[in-house]
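See structure below.
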Amino acid sequence: MAYNFLWYAMLILDVLRIEVYSGKGAEETGVMTLLNRLLGSYFDKDFTVYMDHYYSSPVVFDYLWEHKTKAVGICMTNRKGLPQSTVVKQKIKKGEVISTLRKHLLCLKWRDTREVLMLSTCHTSSTTDDDVCPLQEPVTKTKSDVVLDYNIQKTGPYKRKQLNWWEKLFFHIFVMSATNTFVLYKETRNPEEPTKCRLVQFLIQLGNAFVEEGNKEQQISSLPDRSKHQTGKLARKETYWWCPDCSVALCVSGCFKVYHTKANY
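Going left to right, the sequence shown walks through residues -22 to -1, 1 to 243 as mature numbering (1 follows the signal peptide of the UniProt record, and there is no 0) numbers them.
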């Protein structure tokens, strides 16, 4: 059986709210209901929401605009209300941009290796020359400012196909927790510290602390191999596990249960 999942997150500088969609249940999962549940307390405060193609549509962007909330996102071509004849169905060459503006809503299509359809209520159709470095030599590409801004601000799940869905969810929540920890660190740090710690440096220090703590708990001990009683010989065996109450090293499988259940071990 194949599993898949979606998560909804509300982020400003740190993660404020998150929901994991696991199927139909008590909570309604319609886009409008979801927006009200996650963003309702932030409406009418001139925030900007970045979203992927699962949520974005002209109807959603108009709804957010009515609540004084801007929005930027990549959009699927079959959404209702899109300018099909003037933008969506138009053929463009690599590097070209085509767009149309309806009041507050910009619909833009840009092509690089493939066509990308964007919606925005806070951008124009302007472009910027961006230097990219492929394997051979640097190349200057003309990119839409909407696309550049979206690539900087977006956040989402891991795309590695070799990860199971629960592994992706674990790493995503772990990164969010680490980011929230970094925000708390910045707010409570000693102002007399000589230099500010950046997020990358903070994550490296956090990882080193986990490794150091793990090495303290997992002490390697040498112990007799009790599985060879029948041969009359005791071989040496290495294990990471031990019982702190009994101060004895034991294998998880077999030895640990036998030691704690038999009178004569």
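For each residue, glycine too, the CB sits at the ideal point set by N, CA and C.
DSSP bridge partner residues for residue i (one or two, in chain order)
i, result
"Cys53", "Cys53 is not bridged to any residue."
"Leu84", "Leu79 and Ser98"
"Arg89", "Glu93"
"Lys48", "Thr26"
N-terminal and C-terminal residue of the alpha helix (DSSP H) that residue i is part of
i, result
"Tyr237", "Cys233 to Thr239"
"Thr64", "Neither: Thr64 is in no alpha helix (DSSP H) and is coded neither H nor E."
"Ser14", "Reading off the sequence shown, one finds Asn at residue 14, where the question assumed Ser. That run of the alpha helix (DSSP H) goes Val9 to Leu17."
Pairwise C-alpha distance: residue j and residue i
i, j, result
"Thr120", "Ser19", "38 Å"
"Arg15", "Asp107", "39 Å"
"Ile52", "Trp144", "26 Å"
"Leu84", "Leu60", "10 Å"
"Val180", "Leu126", "Checking the displayed sequence, the identity of residue 180 turns out to be Phe instead of Val. Cα to Cα, the separation comes out at about 26 Å."
"Phe148", "Val66", "37 Å"
"Arg80", "Leu17", "25 Å"
"Val37", "Cys111", "38 Å"
"Trp88", "Thr55", "13 Å"
"Phe234", "Asn168", "46 Å"
"Ser225", "Trp219", "11 Å"
"Leu97", "Asp109", "24 Å"
"His150", "Lys240", "44 Å"
"Asn186", "Ser104", "44 Å"
"Phe188", "Ile182", "10 Å"
"Thr78", "Glu171", "51 Å"
"Leu13", "Val27", "10 Å"
"Asp223", "Leu184", "29 Å"
"residue 246", "Phe160", "Past the boundaries of the shown model lies residue 246; the chain is included only from -22 to 243, so the question cannot be answered."
"Tyr136", "Gln68", "Bear in mind that the predicted position of Tyr136 carries a pLDDT of just 44, short of 50, making it unreliable; the figure below should be weighed with that in mind. Distance between the alpha carbons of Tyr136 and Gln68: 32 Å."
"Thr102", "Asp30", "19 Å"
"Thr157", "His238", "42 Å"
"Arg57", "Leu177", "38 Å"
"Ser63", "Ile76", "12 Å"
"Asp90", "Asn142", "30 Å"
"Glu165", "Phe21", "25 Å"
"Gln208", "Glu191", "Any reading at Gln208 needs caution, since the residue's pLDDT is 49, under 50, leaving its predicted position unreliable; the model's value is listed next. Approximately 39 Å between the Cα atoms of the pair."
"Lys48", "Lys23", "10 Å"
"His11", "Val153", "In the sequence on display, residue 11 carries Thr and not His. Each residue's alpha carbon lies about 27 Å from the other."
"residue 255", "Ala227", "The structure shown does not extend to residue 255, since the chain is modelled only from -22 through 243, so no value can be given for it."
"Glu93", "Leu86", "10 Å"
"Leu(-7)", "Glu115", "42 Å"
"Lys132", "Cys221", "46 Å"
Opening and closing residue of the beta strand (DSSP E) in which residue i lies
i, result
"Tyr28", "Thr26 to Met29"
Near the ligand COA: residue i beta-carbon under 7 Å from a heavy atom
i, result
"Asp22", "Among the components of this structure there are no ligands whatsoever, and the ligand COA is therefore not found."
To test your reading of the DSSP string, which unbroken alpha helix (DSSP H) runs of 4 or more residues are found completely within the segment 91 to 166?
123 to 131 and 143 to 166
So, do the segment 64 to 78 and the segment 27 to 47 have three or more beta carbon pairs nearer to each other than 8 Å?
no
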